[in-house]
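J.: Here it is: the structure, laid out below.
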Amino acid sequence: MNLFSLEGRHALVTGSSQGIGHSIANALCDAGATTIFHGVQDESEIEAVDHPYIQKDLLFDGGPEELLEEAFAISPTLDLLVSNAGSFFDPPFREMTKESWSKTIALNLTAPYLLVHGFGKRLIEQGRSGAVVIVASTNAVQSEKDSVAYDASKGGLAAMVRSFALDLASHGIRVNGLAPGLIKTPLTDVWMRTRPDILKHYDHT
1 MNLFSLEGRH ALVTGSSQGI GHSIANALCD AGATTIFHGV QDESEIEAVD
51 HPYIQKDLLF DGGPEELLEE AFAISPTLDL LVSNAGSFFD PPFREMTKES
101 WSKTIALNLT APYLLVHGFG KRLIEQGRSG AVVIVASTNA VQSEKDSVAY
151 DASKGGLAAM VRSFALDLAS HGIRVNGLAP GLIKTPLTDV WMRTRPDILK
201 HYDHT
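FYI, the numbering for the sequence shown is 1 to 205, going by my numbering.
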């Protein structure tokens, strides 16, 4: 049973080559939206998709802007953006460097800002409404050891959701956030294997 239909809508989901983003993108497709998938992997390395796929590293200077340009070239009436791409790079506290901090903030906070800002401006200029979903984390409000940059980036995303929502509401653009907890995905699986206590928990759920 379809709970709702997104027929006629056009979506971009960042970080949708695997994990949470892949599930979100597939759900949008199932609801009828024309969906563009995105990731850093070559298309030959990911789960087969029968939809447009853009390979783009959002850590590179200009990456977020280039992704938007390519997405709008594919779907000029793009009106849904799911900013999901992110990662965890934090080393233990005493090994943290300016570089590791900057890398996390660049991907988890700056790239989403550039994407949502650029997407919102494009829709406003075209006089069109739309919707944005930003995927943050429970770490926005519940911190963990050895996660200072990651936690800061997700806390920043939560604040950014509220701010963008106020800025874009009058233009008919909704902005909402999601805050999932720890989900077992290909990305988190590597880290989880170093934590037998967490793996034991997942074995019983």
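We put the CB at the ideal spot given by N, CA and C, even for glycine. As the structure is a computational prediction, the values presented were derived from the model and not from experiment.
Which whole-angstrom value is the C-beta distance of F93 and V148, which I expect to be below 8 Å?
T.: 7 Å
J.: Of the choices A85, L28, H10, whose alpha-carbon is the least far from that of Q41?
T.: A85
J.: Starting from G86, trace the alpha helix (DSSP H) both ways and give me its first and last residue.
T.: For G86, no alpha helix (DSSP H) encloses it, and the DSSP letter there is neither H nor E.
J.: Determine whether the beta carbon atoms of Y106 and L67 lie at a separation below 7 Å.
T.: Tyr is not the amino acid found at residue 106; the sequence shown has Ala there. Cβ atoms of A106 and L67: not closer than 7 Å.
J.: Please report the distance separating the alpha-carbon of G8 from that of D57.
T.: 28 Å
J.: Identify, in the order they occur along the chain, each residue of the same chain with its Cβ nearer than 8 Å to the Cβ of T77, setting aside the five sequence neighbours on each side.
T.: Contacts found: H10, R128.
J.: Counting only the same chain and skipping the five closest in sequence on each side, list residues whose C-beta sits under 7 Å from that of I24.
T.: V13, S16, V82, N84
J.: At 4 residues or longer, and completely inside the stretch 3-89: list those alpha helix (DSSP H) runs for me, N to C.
T.: 19-30, 63-74
J.: Hey, out of E43, I36, F4, whose CA is closest to E70's CA?
T.: I36
J.: When burial is assigned at 16 or more other CB atoms within 10 Å of the CB, is P64 buried or exposed?
T.: buried
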